[in-house]
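See below for the structure under consideration.
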Amino acid sequence: MAKHDVTLTAAAPPAKAPSRQTLFVLALLALGVAAPFGIYPVFLMKGLCFALFAAAFNLLLGYVGLLSFGHAMFFGWSAYVTAHAAKEWGLTPELAILAGVALSAVMGTVVGWLAIRRQGIYFAMITLALAQLMFFLAVQAPFTHGEDGIQGVPRGHLFGVLNLSDMMTMYYFVLAVFVVALLLLYRVVNSPFGQVLKAIRDNEPRAISLGYQVERYKLLAFVLSASLAGLAGSVKSLVFQLASLADVHWHASGEVVLMTLLGGVGTVFGPTVGAFLVVTIQNYFSEVGSWVTIIQGVIFVICVLAFRSGIVGVLAPWLKKRGIQA
Amino acid sequence: MFTVFGIPAAALFGQLLLGLINGAFYAMLSLGLALIFGLLNIINFSHGALYMMGAFVAWLLLTYVGAGYWVALVVAPVIVAALGIVIERTMLSRLYKLDHLYGLLLTFGLALIIEGLFRQLYGVSGMPYSVPKELAGGWNLGFMFLPIYRGWVVIASLVLCLGTWAVIEKTKLGAYLRAATENPTLVQAFGINVPVMITATYGFGVALAAIAGVLAAPVYSVNPMMGSNLIIVVFAVVVIGGMGSIMGSVVTGFLLGLLEGLTKVFYPEAAATVIFMVMVVVLLLKPAGLFGKGA
Numbered sequence: 000m001a002k003h004d005v006t007l008t009a010a011a012p013p014a015k016a017p018s019r020q021t022l023f024v025l026a027l028l029a030l031g032v033a034a035p036f037g038i039y040p041v042f043l044m045k046g047l048c049f050a051l052f053a054a055a056f057n058l059l060l061g062y063v064g065l066l067s068f069g070h071a072m073f074f075g076w077s078a079y080v081t082a083h084a085a086k087e088w089g090l091t092p093e094l095a096i097l098a099g100v101a102l103s104a105v106m107g108t109v110v111g112w113l114a115i116r117r118q119g120i121y122f123a124m125i126t127l128a129l130a131q132l133m134f135f136l137a138v139q140a141p142f143t144h145g146e147d148g149i150q151g152v153p154r155g156h157l158f159g160v161l162n163l164s165d166m167m168t169m170y171y172f173v174l175a176v177f178v179v180a181l182l183l184l185y186r187v188v189n190s191p192f193g194q195v196l197k198a199i200r201d202n203e204p205r206a207i208s209l210g211y212q213v214e215r216y217k218l219l220a221f222v223l224s225a226s227l228a229g230l231a232g233s234v235k236s237l238v239f240q241l242a243s244l245a246d247v248h249w250h251a252s253g254e255v256v257l258m259t260l261l262g263g264v265g266t267v268f269g270p271t272v273g274a275f276l277v278v279t280i281q282n283y284f285s286e287v288g289s290w291v292t293i294i295q296g297v298i299f300v301i302c303v304l305a306f307r308s309g310i311v312g313v314l315a316p317w318l319k320k321r322g323i324q325a
Numbered sequence: 000m001f002t003v004f005g006i007p008a009a010a011l012f013g014q015l016l017l018g019l020i021n022g023a024f025y026a027m028l029s030l031g032l033a034l035i036f037g038l039l040n041i042i043n044f045s046h047g048a049l050y051m052m053g054a055f056v057a058w059l060l061l062t063y064v065g066a067g068y069w070v071a072l073v074v075a076p077v078i079v080a081a082l083g084i085v086i087e088r089t090m091l092s093r094l095y096k097l098d099h100l101y102g103l104l105l106t107f108g109l110a111l112i113i114e115g116l117f118r119q120l121y122g123v124s125g126m127p128y129s130v131p132k133e134l135a136g137g138w139n140l141g142f143m144f145l146p147i148y149r150g151w152v153v154i155a156s157l158v159l160c161l162g163t164w165a166v167i168e169k170t171k172l173g174a175y176l177r178a179a180t181e182n183p184t185l186v187q188a189f190g191i192n193v194p195v196m197i198t199a200t201y202g203f204g205v206a207l208a209a210i211a212g213v214l215a216a217p218v219y220s221v222n223p224m225m226g227s228n229l230i231i232v233v234f235a236v237v238v239i240g241g242m243g244s245i246m247g248s249v250v251t252g253f254l255l256g257l258l259e260g261l262t263k264v265f266y267p268e269a270a271a272t273v274i275f276m277v278m279v280v281v282l283l284l285k286p287a288g289l290f291g292k293g294a
């Protein structure tokens, strides 16, 4: 333990920094608490679920340099399991969510173990193909109810006490899950483990030659990312009381890439910013045919050609001068 | 009429032929992907969308200009290749010095735009495209009924794939191409215009996709989503075969198409997933792919 502590202090920002950082985070938190009084809570919850999904994805792309093009399989399948557990087995919400996350952790282990055998572009193609495999399984499995999806999922009572059918209770539950998960990710990224991940991203052969078991680190990061993506899907299925094929489709995998890219790959708050923007676009243009897809494509092209650091990535230097790590 | 393992032979061979046709499309698309990847180091995610565009251009030519199948077979690839060249010159060429993943993301965005536009304009329902009259009808081979058009698709794609292989392996141009794949800087130093070669390769790769699209138009209905599901299967084909060899991707494409056809006969539930399952097995046994060189 002692050895770990030493490394932690070494990696921590200068002494003056944390206070600004804490204030910034508290301000964001206050914004999150106050938001449902001004903005439609279901929209906010959708944004938070996708923000968590994108943050989980960002752990891989931003900190290990692995582009997973199949994260929808975790998001979608956890949503199915949670919805099924809550509706057919009558489990309480926390247990239903736990079941969903457990499935994603198991899937993440298998998929990660297979996919990290190849690197770079192949990794992306393998995860995409495996996600398509899981999509077809979802189409064929009877419990998913095909095109209809699992509808009318009961939100139930959290720990048997808190009634999640109440909009505000549900919102604060989602916010709490989001904040805890983001803190966890922040902790992971700034831990010795996170430092190794970044080392792998920046120079994998070097990390190997330094004696790190790179595959093990990659797999652990993959499982963690998959589990949190699953958590996002599970919570989403309770928010919308629906688990459907749209959540497992490759389109959802592409959307989470877009959110992260737009917000800023490898930043703490980028995925959240990107997720809320993409969800806003979806809400505005959902009535007008295929425009959402076209706009998303255009944003992809612009981001890759001219805006590779993303919104938060652009703001980061400015914030850093003021003692805030974005 | 005889049966094979309790399956009527006509049904078996019919599905095998359909599998072979799917295999022909896998082969043509993965061949294009491998060519492009070799020189540009980019996985062209918009390959499926450009295949769809090939089919759509054929349909548009017939509907609005009255130009038939044979004209479309030449004009559609030219139009799509022209678009490809514009894409390569204006966008992809800015990414060569960056991580390869950016190429994937950019072409994914392009695929979304192309598919979205066609869906916006023509809806999601398929447009029928009839078989050209020269290739209509079929032959009764005794053990099965062979629609002439389907035979033509298999032969045409075989000729194209083998022709491409011959050009790359046996001609001087192909030698330049292989050399540039190995070491573009050195080839450039020998006075060969590598950027032009890169552009031409991209154009040729997407032209192959467009020809596949035109060939597919009478077999499947022409619809905006026909490319996106196909391209994911083709990615699996590419992972299975490895992108190291031209012949490898062609053979893998045809074999997997056949396997898919067989699965449709004996265990239809798994037909949609069998190629992905094969990919899992190949990753376990030979991670670099059947014909791959390294990771």
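Going line by line, the protein sequences match chains P and A.
For the first sequence, position 134 (counting from the first letter as 1) is numbered 133 according to numbering that gives the first Met the number 0, and the numbering increases by one without interruption.
For the second sequence, position 82 (counting from the first letter as 1) is numbered 81 according to numbering that gives the first Met the number 0, and the numbering increases by one without interruption.
We put the CB at the ideal spot given by N, CA and C, even for glycine.
Cα-Cα separation, residue i to residue j
{"i": "A:Tyr121", "j": "A:Glu114", "result": "10 Å"}
{"i": "P:Ala78", "j": "P:Lys235", "result": "7 Å"}
{"i": "P:Gly296", "j": "A:Thr2", "result": "50 Å"}
{"i": "P:Ser321", "j": "P:Glu146", "result": "Note on identity: in this sequence residue 321 of chain P is Arg, with Ser being the wrong assignment. Near 50 Å, if we compare the C-alpha coordinates of P:Glu146 and P:Arg321."}
{"i": "A:Ala48", "j": "A:Ile84", "result": "15 Å"}
{"i": "P:Ala104", "j": "P:Thr259", "result": "21 Å"}
{"i": "P:Asp4", "j": "P:Trp88", "result": "Per-residue confidence for P:Asp4 stands at a pLDDT of 44, beneath the threshold of 50, marking its modelled position as unreliable; no derived number is given."}
{"i": "A:Ala57", "j": "P:Val80", "result": "44 Å"}
{"i": "P:Asn202", "j": "A:Ile239", "result": "27 Å"}
{"i": "A:Ile210", "j": "A:Leu159", "result": "10 Å"}
{"i": "A:Gly260", "j": "A:Gly243", "result": "26 Å"}
{"i": "A:Met90", "j": "P:Leu304", "result": "7 Å"}
{"i": "P:Arg117", "j": "P:Ala274", "result": "29 Å"}
{"i": "A:Ser29", "j": "A:Thr251", "result": "9 Å"}
{"i": "P:Leu27", "j": "P:Leu230", "result": "22 Å"}
{"i": "A:Tyr25", "j": "A:Asn228", "result": "12 Å"}
{"i": "P:Phe23", "j": "P:Tyr170", "result": "22 Å"}
{"i": "A:Ala174", "j": "A:Phe44", "result": "27 Å"}
{"i": "P:Gly329", "j": "P:Tyr121", "result": "The structure shown has nothing for residue 329 of chain P, since chain P only spans 0 to 325."}
{"i": "A:Ser220", "j": "P:Phe172", "result": "48 Å"}
{"i": "P:Pro141", "j": "P:Leu90", "result": "20 Å"}
{"i": "A:Val193", "j": "P:Ser226", "result": "45 Å"}
{"i": "A:Arg88", "j": "A:Ile197", "result": "10 Å"}
{"i": "A:Phe189", "j": "P:Phe268", "result": "49 Å"}
{"i": "A:Leu39", "j": "P:Val152", "result": "48 Å"}
{"i": "P:Leu58", "j": "P:Ser308", "result": "15 Å"}
{"i": "P:Leu218", "j": "A:Gly137", "result": "54 Å"}
{"i": "A:Ala287", "j": "A:Thr163", "result": "24 Å"}
Coarse secondary structure for residue i, derived from DSSP in three states
{"i": "P:Trp88", "result": "coil"}
{"i": "A:Val221", "result": "strand"}
{"i": "P:Phe306", "result": "coil"}
{"i": "A:Gly296", "result": "Because chain A is modelled from 0 through 294, residue 296 of chain A falls outside the range shown and cannot be assessed."}
{"i": "A:Phe299", "result": "Nothing about residue 299 of chain A can be reported from this structure: the residues present for chain A run from 0 to 294 only."}
{"i": "A:Ala271", "result": "coil"}
{"i": "P:Ala242", "result": "strand"}
{"i": "A:Pro7", "result": "strand"}
{"i": "A:Leu145", "result": "strand"}
{"i": "A:Met242", "result": "coil"}
{"i": "A:Thr2", "result": "strand"}
{"i": "A:Met90", "result": "coil"}
Test: residue i CB closer than 9 Å to a CB of chain D
{"i": "A:Val205", "result": "Given the protein chain composition of this structure (P and A), no chain D is represented."}
> Residue ranges of each alpha helix (DSSP H) run of no fewer than 4 residues wholly in the stretch 140-189 of chain P, ordered along the chain?
Replying inline: 166-188
>> At a CB distance below 9 Å, what residues from the stretch 276-287 of chain P approach chain A? Give them in sequence order.
In response: Val287
> Closer than 7 Å, Cβ to any Cβ of chain A: which residues of the stretch 106-130 of chain P, in chain order?
Replying inline: Leu113, Arg116, Arg117, Gln118, Gly119, Ile120, Tyr121, Ala123, Met124, Ile125, Leu127, Ala128, Leu129
> What are the complete alpha helix (DSSP H) segments, minimum 4 residues, inside the stretch 34-121 of chain P?
Replying inline: 40-62, 71-86, 92-114
> Does the stretch 272-281 of chain A touch the stretch 61-77 of chain A, meaning 3 or more C-beta pairs lie closer than 8 Å?
Replying inline: no
> What residues in the stretch 278-290 of chain A bring their beta carbon closer than 7 Å to a beta carbon of chain P?
Replying inline: Met278, Val279, Leu282, Pro286
> If contact means a Cβ-Cβ distance below 9 Å, which residues of the stretch 135-151 of chain P contact chain A?
Replying inline: Phe135, Leu136, Val138, Gln139
> What are the residues of the stretch 234-251 of chain A that lie near chain P, defined by any Cβ-Cβ distance shorter than 8 Å?
Replying inline: Phe234, Ala235, Val237, Val238
> Using a beta-carbon distance cut-off of less than 8 Å, what residues from the stretch 221-249 of chain P approach chain A?
Replying inline: Trp249
> Any contact of the stretch 263-281 of chain P with the stretch 46-58 of chain P, i.e. 3+ C-beta pairs under 8 Å?
Replying inline: yes
> Do the stretch 203-217 of chain A and the stretch 94-112 of chain P meet, that is, are 3 or more Cβ pairs less than 8 Å apart?
Replying inline: no
> What are the residues of the stretch 41-63 of chain A that lie near chain P, defined by any Cβ-Cβ distance shorter than 7 Å?
Replying inline: Ile42
>> Can you pull out the residues from the stretch 18-38 of chain A whose beta carbon lies closer than 9 Å to at least one beta carbon of chain P?
In response: Phe36
> Listed in chain order, which residues of the stretch 258-273 of chain A have Cβ atoms closer than 7 Å to some Cβ of chain P?
Replying inline: Glu268, Ala271, Thr272
> Quick one: complete alpha helix (DSSP H) runs, 4+ long, within the stretch 34-76 of chain A?
Replying inline: 46-59
> Does the pairing of the stretch 124-140 of chain P with the stretch 239-248 of chain P give three or more beta-carbon distances under 8 Å?
Replying inline: yes
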